[in-house]
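Asks: Residue numbers (my numbering), protein chains in the order written: chain X, 746 to 854; chain F, 21 to 133.
Quick reminder that beta carbons are idealized off the backbone N, C-alpha and C, glycines included.
None of the values given here were measured: they were computed from a predicted structure.
I am attaching a structure below and will ask some questions about it afterwards.
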Amino acid sequence: RKEVEQDPGPFNVPEGATVAFNCTYSNSASQSFFWYRQDCRKEPKLLMSVYSSGNEDGRFTAQLNRASQYISLLIRDSKLSDSATYLCVLDSGYSTLTFGKGTMLLVSP
Amino acid sequence: NAGVTQTPKFQVLKTGQSMTLQCAQDMNHNSMYWYRQDPGMGLRLIYYSASEGTTDKGEVPNGYNVSRLNKREFSLRLESAAPSQTSVYFCASSGAGHNQPQHFGDGTRLSIL
Chain X
746 RKEVEQDPGP FNVPEGATVA FNCTYSNSAS QSFFWYRQDC RKEPKLLMSV
796 YSSGNEDGRF TAQLNRASQY ISLLIRDSKL SDSATYLCVL DSGYSTLTFG
846 KGTMLLVSP
Chain F
21 NAGVTQTPKF QVLKTGQSMT LQCAQDMNHN SMYWYRQDPG MGLRLIYYSA
71 SEGTTDKGEV PNGYNVSRLN KREFSLRLES AAPSQTSVYF CASSGAGHNQ
121 PQHFGDGTRL SIL
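Okay, here's the thing in structure tokens:
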């Protein structure tokens, strides 16, 4: 299994839709998990951390399943401004993070 | 609050030229990182510095050198640029500890002809 695997997409959804992304990882020792978003030709920006019990930030919900080694991101009521690439990120066990290649989301009017 | 500042934002070099990419952060972070991002490859770590005075190789260090000048600044040097080093370079920083997210500069777009 690759360190971090994501479906590259694109996921094409209409405004108002609910969309979910999954990410699987191979390093069972990873302790910290994040979702970042990256707009075209821009830097990655932290969207949210992912906690063991799951957490929510407005329209965004993140879940962690350690047993199956995957994390998920759910976006409700999609907005045009949600169009971006979503990166799954986890710690490598050292002082570094491992980034997935991202899932592209396109929200259309 | 500037966060992570990278200079220059754009640069075109000829093969064999050298240059240094500058990065500075004002968040009092211990750790700093240099990545390159190529289409279809995602972010790849070049070098990192877990604390002032230390540097370590990442996934793709060949052809690069780094200097952690002080706690704020972490520079990336290309001694003899090659077309394969055409990429977007991102600097990032984070606080101490495994659970800290990284904060990115807005990137340097480098083309090697």
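How far does the beta strand (DSSP E) with G62 of chain F in it extend, from its first residue to its last?
Replies: First-last of the beta strand (DSSP E) with G62 of chain F: 62 to 69.
Asks: Examine chain F for any beta-carbon lying closer than 9 angstroms to the beta-carbon of Q776 of chain X, and answer yes or no.
Replies: So, interface residue.
Asks: Under DSSP, the beta strand (DSSP E) around F26 of chain F begins and ends at which residues?
Replies: According to the sequence provided, residue 26 of chain F is Gln. The question's Phe does not apply to it. Segment 24 to 27, the beta strand (DSSP E) holding Q26 of chain F.
Asks: Could you check whether the Cβ of F778 of chain X sits closer than 8 angstroms to any heavy atom belonging to the ligand MG?
Replies: Absent from the structure shown: the ligand MG. Ligands present: none.
Asks: Below 9 angstroms between beta carbons: does that hold for S771 of chain X and V749 of chain X?
Replies: Contact flag set, yes.
Asks: Can you tell me whether S826 of chain X is helix, strand or coil according to DSSP?
Replies: Here S826 of chain X sits in helix by DSSP.
Asks: Tell me which residues share the same chain as A765 of chain X and place their Cβ nearer than 8 angstroms to its Cβ, disregarding the 5 neighbours each side in the sequence.
Replies: Answer for A765 of chain X: S817, L818, L819, I820, listed in chain order.
Asks: Tell me the DSSP secondary structure of Q105 of chain F in three-state form.
Replies: Of the three classes helix, strand and coil, the one that applies to Q105 of chain F here is helix, per DSSP.
Asks: Counting only C-beta atoms, is D126 of chain F closer than 9 angstroms to chain X at any point?
Replies: By this cut-off, D126 of chain F is an interface position.
Asks: Whether or not the region 92 to 100 of chain F and the region 45 to 63 of chain F are in contact is what I'm after, with contact meaning three or more pairs of Cβ atoms, one per stretch, closer than 8 angstroms; do they touch?
Replies: Yes, they touch.
Asks: Pull up the DSSP beta-bridge partners for D58 of chain F, would you.
Replies: Answer is F:G62.
Asks: In three-state terms, what does DSSP make of L791 of chain X?
Replies: Note: L791 of chain X maps to strand in three-state DSSP.
Asks: Does the count of Cβ pairs from the region 829 to 841 of chain X and the region 799 to 813 of chain X closer than 8 angstroms reach three?
Replies: Counting Cβ pairs under 8 angstroms, fewer than three are found: no touch.
Asks: Just the chain F side, please: which residues come within less than 7 angstroms of P755 of chain X by C-beta, in chain order?
Replies: Chain F residues near P755 of chain X: none, gap ~14 angstroms exceeds 7 angstroms.
Asks: What separation, rounded to the nearest whole angstrom, lies between the Cα atoms of V758 of chain X and S826 of chain X?
Replies: Distance between the alpha carbons of V758 of chain X and S826 of chain X is about 12 angstroms.
Asks: Which whole-angstrom value is the C-beta distance of S38 of chain F and E99 of chain F, which I expect to be below 8 angstroms?
Replies: Indeed they touch by this definition, with Cβ atoms about 5 angstroms apart.
Asks: Please say whether T25 of chain F and G125 of chain F have beta carbons closer to each other than 9 angstroms?
Replies: For G125 of chain F and T25 of chain F, yes; Cβs fall inside 9 angstroms.
Asks: Taking C-beta pairs closer than 8 angstroms, name the residues in chain X that Y68 of chain F reaches, listed in chain order.
Replies: Neighbours of Y68 of chain F on chain X, chain order: S840, T841.
Asks: So I66 of chain F and P103 of chain F are in contact, right, with Cβ under 8 angstroms, and what is the actual spacing, rounded?
Replies: Not confirmed; about 17 angstroms, so no contact.
Asks: What residues match up with L705 of chain X in a beta bridge as DSSP calls it?
Replies: The structure shown does not extend to residue 705 of chain X, since chain X is modelled only from 746 to 854, so the question has no answer here.
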